[in-house]
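Residue numbers (the working numbering), protein chains in the order written: chain X, 2 to 162; chain R, 2 to 162. All C-beta atoms in this analysis are idealised placements derived from N, C-alpha and C, irrespective of residue type, glycine included.
Okay, structure coming up:
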């Protein structure tokens, strides 16, 4: 952690800026919490910062994440993760099922379906989407943010390994 | 405003995502506040959201803004604004003066000097930097955030004109 703790904020942002997709603000905010005793301590700071955001900010964080299929520019991290989960090799049927379910999900919750794809596979993702769409908006906001934290956890491990 | 109010969040983010530099989270958060009665109402929502951030979040917002000269990738908006203020045509002396002052500023406050360059010119910017560096961290955080709001104001006007 000595290397991390000695980084100025620009360097820290270059390295950790996308641990939460398209939200460099998060890394930029927690940098001031140095020194971190471990990667887990850094992760705890990130989690606490996310939790401190108002509801609108948490919803906004989800809206910055591109759809699982279709629209949106993917970061290199996101592209790699989605390819690993098999989302780049969907059958035409799976692709249209995922698109339709995700469109319904967005129109119900006003944010996209977010899931840590690296802890899943394409069949489970489609099944989860079909199931989570029946949750309350409150539950889904919480679940989406939990998934953001799981994605962040794995990205932090990648960087520090 | 009818056009703006009818935008889905993806479209809204494409258009307003960078009214606060490198913080699409802000536009993504306030989108839910539609319908907006006017551009001023939208701006008010953005200001309120910024004010609702914890101190670390406000500092993080400033850290996402590239230095006035030197390091950092500029958004097209930022590039245009800096060129208008004459920051791309500094003399060697002005450039080194600005660099040195900004380095001192960052080492004192842990965030960069932020100023709405379109409401200024290069001589005033250098003079302001030399003067603001003597403020307290609390004062500079507040001033920096006020400048972020001025930059946002002008970017909103550009988009809506």
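Residue 106 of chain X and residue 33 of chain R have their C-alpha atoms roughly 16 Å apart.
By the rule that beta-carbons nearer than 8 Å mark a contact, residue 53 of chain X touches chain R.
For residue 150 of chain R, the closest C-alpha among the options R:108, R:133, R:52 and R:90 is that of R:52. By alpha-carbon distance to residue 5 of chain X, the top candidate from X:22, X:27, X:40 and X:19 is X:40.
Judged by pairs of C-beta atoms under 8 Å, the stretch 53 to 69 of chain R touches the stretch 132 to 142 of chain R, as three or more such pairs exist.
Between residue 25 of chain R and residue 23 of chain X, the CB-CB gap stays under 8 Å.
Under the 8 Å criterion on CB atoms, residue 8 of chain X is classed as non-interfacial with respect to chain R. With respect to residue 155 of chain X, residue 115 of chain X sits apart: the two C-beta atoms are not nearer than 8 Å. Under a 10 Å Cβ-count criterion, residue 79 of chain R is classified as buried, with 16 or more other Cβ atoms of the shown protein chains found around its own Cβ.
Neighbours of residue 50 of chain R in chain X, taken as residues at a C-beta separation under 9 Å, are given in chain order as 55, 57, 58 and 61. Pairing residue 99 of chain X with residue 82 of chain R, the inter-Cα distance amounts to about 42 Å. The shortest C-alpha to C-alpha distance from residue 133 of chain X to any of X:110, X:17, X:12 and X:157 is the one to X:110. Here DSSP, grouped into helix, strand and coil, assigns residue 64 of chain R to helix. Contact note: residue 25 of chain X reaches chain R through 23 and 65, using a C-beta cutoff of 7 Å and chain order. Take the alpha-carbon of residue 102 of chain R and the one of residue 47 of chain R: they are about 30 Å apart.
In the three-state reduction of the DSSP assignment, residue 111 of chain R falls in the coil class.
Inclusion of residue 152 of chain R and residue 16 of chain R in the CB contact set at 8 Å is not warranted, their separation being larger than that value. Counting only residues of its own chain and dropping the five nearest sequence neighbours on each side, residue 121 of chain R has a CB closer than 8 Å to the CB of 86 and 129.
Think of a sphere of 7 Å around the beta carbon of residue 33 of chain R: the chain X residues whose beta carbon falls inside it are 57, 60 and 111, in chain order.
Contact of residue 86 of chain R with chain X is not assigned, every C-beta pair being separated by 8 Å or more.
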